[in-house]
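Comments concern the structure below.
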Amino acid sequence: MIEAVATKDGKTALRASRDAGEKGEALDVQSVVSPPAPKTPAKANEPDKVKQEKANADDSDSPLSDLAESIPTPSSGKELRKTPTKSSIAAKKGSDEIKAFKAEQAAKKAKDVKVKTGDGEDEWDKRGDPDGDEETPLEDVDVMKKEAARPPPVNSDYPPLPWKGRLGYPPSSNIDIHSKTPLSPSTPQRTALISPDPHPLNVDNVEELCLANVRDIPKILRWNDKYGIKFMRLSSEMFLFASHAEYGYKLAPFASEALEEAGKVVAELDHRVSTHPGQFTQLGSPGAEMIANAIRDLECHDEMLSLSKLPEQKDRDAVMILHMGGTFGDKAATLDRFRENYKNLSPSIKMRLVLENDDVSWSVHDLLPICEELNIPLCLDFHHHNIIFDPDQIREGILHIMNLYPRIKATWDRKGIGQKMHYSEGCPEAITGRQRRKHNPRPIALPPCPNDMDLMIEAKDKEQVCFELMRTFKLPSWDTFNNIIPYERTDDNKPLPKKAKKKKTKKQIDAEIEEFGKELSEEEEPVKEQIPEEEIGMGGSENRVYWLIGMEE
1 MIEAVATKDG
11 KTALRASRDA
21 GEKGEALDVQ
31 SVVSPPAPKT
41 PAKANEPDKV
51 KQEKANADDS
61 DSPLSDLAES
71 IPTPSSGKEL
81 RKTPTKSSIA
91 AKKGSDEIKA
101 FKAEQAAKKA
111 KDVKVKTGDG
121 EDEWDKRGDP
131 DGDEETPLED
141 VDVMKKEAAR
151 PPPVNSDYPP
161 LPWKGRLGYP
171 PSSNIDIHSK
181 TPLSPSTPQR
191 TALISPDPHP
201 LNVDNVEELC
211 LANVRDIPKI
221 LRWNDKYGIK
231 FMRLSSEMFL
241 FASHAEYGYK
251 LAPFASEALE
261 EAGKVVAELD
271 HRVSTHPGQF
281 TQLGSPGAEM
291 IANAIRDLEC
301 HDEMLSLSKL
311 PEQKDRDAVM
321 ILHMGGTFGD
331 KAATLDRFRE
341 NYKNLSPSIK
351 MRLVLENDDV
361 SWSVHDLLPI
371 CEELNIPLCL
381 DFHHHNIIFD
391 PDQIREGILH
401 IMNLYPRIKA
411 TWDRKGIGQK
421 MHYSEGCPEA
431 ITGRQRRKHN
441 PRPIALPPCP
451 NDMDLMIEAK
461 DKEQVCFELM
471 RTFKLPSWDT
481 FNNIIPYERT
491 DDNKPLPKKA
501 KKKKTKKQID
511 AEIEEFGKEL
521 SEEEEPVKEQ
531 IPEEEIGMGG
541 SENRVYWLIG
551 MEE
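Each residue of the sequence shown is one higher than the one before, counting from 1 in full-length UniProt numbering.
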């Protein structure tokens, strides 16, 4: 029988002792583990206080029971504090000055911030990049509780199968096709393009970089086509400073030929291209400078698409997706400004302009009426809709927005433009609206859209998401690629690594002469088959997908 025995080395410790039987006395574990130490005679010269402490310790039931009493109590902070030195006083003074400066700056910043209240609160300017690397601010606890208690979304399980549409992805893919120039240079690369004199803009550098970007388009298009991706968004960063107020420039004539060549490949492969100007291109802003910047940016995008000289329908389908942007405290006034500025746009820009619902301020119900009024197509973004919607009319989710599909499609049909939609998913762990703006890098589903839709997949993994969806739903071309990376590439003309040649010894040479009558020559290096220029980086005969380093599946 095992009996719980209370030992003397802890007031709350209970131990099961196998030595404690029903008839015998329970074993005192403490006496075995820590037998009492023999008493030592007190020294004559010891203070009476120390003698008394030792006597108390000897009379204790356990050497551990009053251990805390035998440890000297440290002096208080005031007693231990040293006399401050000159250097510490100076450091403390400097620290106080820094704190005061920071407090002054924070107060000044808070004073300068314009606080907007009510339904017109404008969050657009501080929207930032939902998928950026900056740290997400901590959410308020009450906000978290309120968002977590919202009704669950109501979705549709309708799959758009069999799929007959086109999947696409944003610019700057993750594939490695030996592109020599980045579509979006880093900040140092941008600033290096500006020379102090004699001209503010180093034209030769800019044109060289822009042309290299444009000449990459046919290669990317052919790579996409080989693996069943027939829809692509052209980068807004291809022409640096083109819409700049001071350094801006026209794309013609220096980029005309290169863009026309890219357009020929789009037509040849029956692909679709589109653009998406940045979030600060807003036509509803109250600022005249921002409106001027927006119009220049739209003119630049329109020129890029027009110089591509696409066939009539493909040119019509080459749209420019735009957000309404901020509300600036008053949605009605913002819409009025948009109407006024829209009137002043060129017919070519009006033909291409498409509005998209966003994840901060403007819902589908906000934008659909003005799209119908001004004859502007509306691009439905499913992810944004799940964050910003009109709760008085529909529930969160995709099911109820499907009732507006006919009206949304009609905005495209009236202009004879092929409809497109945007799809992405929020991260599973997201709760609040701010957290839900971040895209899931790898969506796992298809939205309940028409099965012939041009669907732009807005996710960080880009073409990898398209491949994943192809595999999951057995979409066309799902079996055209093999993403197993072999040890050596077979789609480039890099020379084979040379084998190290070992020098023959005299003994080996004598043996060869004795056996063959002469010294044998070195083996000839194998000759690698030459890859045609148009096939370099395309995956070879086995259709291998080579990801950029760090972007492998």
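Where is the CB? At the ideal position from N, CA and C, for every residue including glycine.
{"Check": "Just to confirm, is the Cβ distance from residue 388 to residue 363 under 8 Å?", "Outcome": "yes"}
{"Check": "Within 8 Å, do at least three Cβ pairs link the region 444–459 to the region 203–219?", "Outcome": "no"}
{"Check": "Can you list, in chain order, the residues of its chain whose CB lies under 7 Å from that of residue 317, leaving out five sequence neighbours each side?", "Outcome": "272, 417 and 418"}
{"Check": "Could you please give the first and the last residue of the uninterrupted beta strand (DSSP E) stretch that includes residue 421?", "Outcome": "420–423"}
{"Check": "Using the Cβ count rule (16 or more neighbours within 10 Å means buried), how would you classify residue 243?", "Outcome": "buried"}
{"Check": "Start and end of the beta strand (DSSP E) containing residue 356?", "Outcome": "353–356"}
{"Check": "Find out if the Cβ-Cβ distance for the pair residue 323, residue 356 is shorter than 8 Å.", "Outcome": "yes"}
{"Check": "With burial defined as no fewer than 16 other Cβ atoms inside 10 Å of the residue's Cβ, what is the status of residue 346: buried or exposed?", "Outcome": "exposed"}
{"Check": "My understanding is that residue 266 touches residue 222, with C-beta atoms under 8 Å, so please give their C-beta distance in whole angstroms.", "Outcome": "No, residue 266 and residue 222 are not in contact; Cβ-Cβ is about 11 Å, not under 8 Å."}
{"Check": "Spatial neighbours of residue 234 within its chain, please: C-beta separation below 6 Å, excluding the five flanking residues on both sides.", "Outcome": "273 and 275"}
{"Check": "With DSSP run on the structure shown, which of helix, strand or coil describes residue 405?", "Outcome": "helix"}
{"Check": "Would you check if the distance between the CB atom of residue 448 and the CB atom of residue 158 is smaller than 8 Å?", "Outcome": "yes"}
{"Check": "Beta-carbon separation of residue 236 and residue 301 under 8 Å?", "Outcome": "yes"}
{"Check": "For residue 252 and residue 307, which I take to be in contact (beta-carbon distance under 8 Å), what is that distance rounded to the nearest angstrom?", "Outcome": "6 Å"}
{"Check": "Can you check whether the CB of residue 167 is closer than 8 Å to the CB of residue 466?", "Outcome": "yes"}
{"Check": "Classify residue 154: buried if its beta carbon has 16 or more other beta carbons within 10 angstroms, exposed otherwise.", "Outcome": "exposed"}
{"Check": "Suppose contacts are defined by Cβ-Cβ distances below 8 Å. Is residue 227 in contact with residue 480 by that definition?", "Outcome": "yes"}
{"Check": "Determine whether the beta carbon atoms of residue 544 and residue 451 lie at a separation below 8 Å.", "Outcome": "no"}
{"Check": "So residue 282 and residue 329 are supposed to be a Cβ contact under 8 Å. How far apart are they, rounded?", "Outcome": "Contact doesn't hold; Cβ gap of about 14 Å is too wide."}
{"Check": "Going by alpha carbons, who is nearest to residue 310 out of 415, 262, 508 and 514?", "Outcome": "262"}
{"Check": "Secondary structure at residue 433, three-state DSSP: helix, strand or coil?", "Outcome": "helix"}
{"Check": "Any idea if residue 285 is buried or exposed, counting beta-carbon neighbours within 10 angstroms, 16 or more meaning buried?", "Outcome": "buried"}
{"Check": "Rounding to the nearest angstrom, what Cα-Cα distance links residue 171 and residue 231 in this structure?", "Outcome": "11 Å"}
{"Check": "Less than 8 Å between the C-beta atoms of residue 161 and residue 473, yes or no?", "Outcome": "yes"}
{"Check": "Starting from the C-beta of residue 305, find all residues in its chain whose C-beta is less than 6 Å away, skip the five residues before and the five after it, and write them out in chain order.", "Outcome": "318"}
{"Check": "State the Cα-Cα distance for the pair residue 269 and residue 409, rounded to the nearest angstrom.", "Outcome": "26 Å"}
{"Check": "Pick out whichever of 428, 427, 148 and 295 has its Cα sitting closest to the Cα of residue 344.", "Outcome": "295"}
{"Check": "Considering only the alpha carbon of each residue, which of 404, 292, 531 and 477 lies closest to residue 495?", "Outcome": "531"}
{"Check": "If you drop the 5 nearest sequence neighbours on each side, which residues of the same chain put their C-beta closer than 6 Å to that of residue 492?", "Outcome": "536"}
{"Check": "May I have the straight-line CA-CA distance separating residue 412 from residue 375, to the nearest angstrom?", "Outcome": "9 Å"}
{"Check": "Could you give the residue range of the beta strand (DSSP E) that holds residue 320?", "Outcome": "320–323"}
{"Check": "With DSSP collapsed to three states, give me the class of residue 273.", "Outcome": "strand"}
{"Check": "Check whether the Cβ atoms of residue 150 and residue 396 lie closer than 8 Å to each other.", "Outcome": "yes"}
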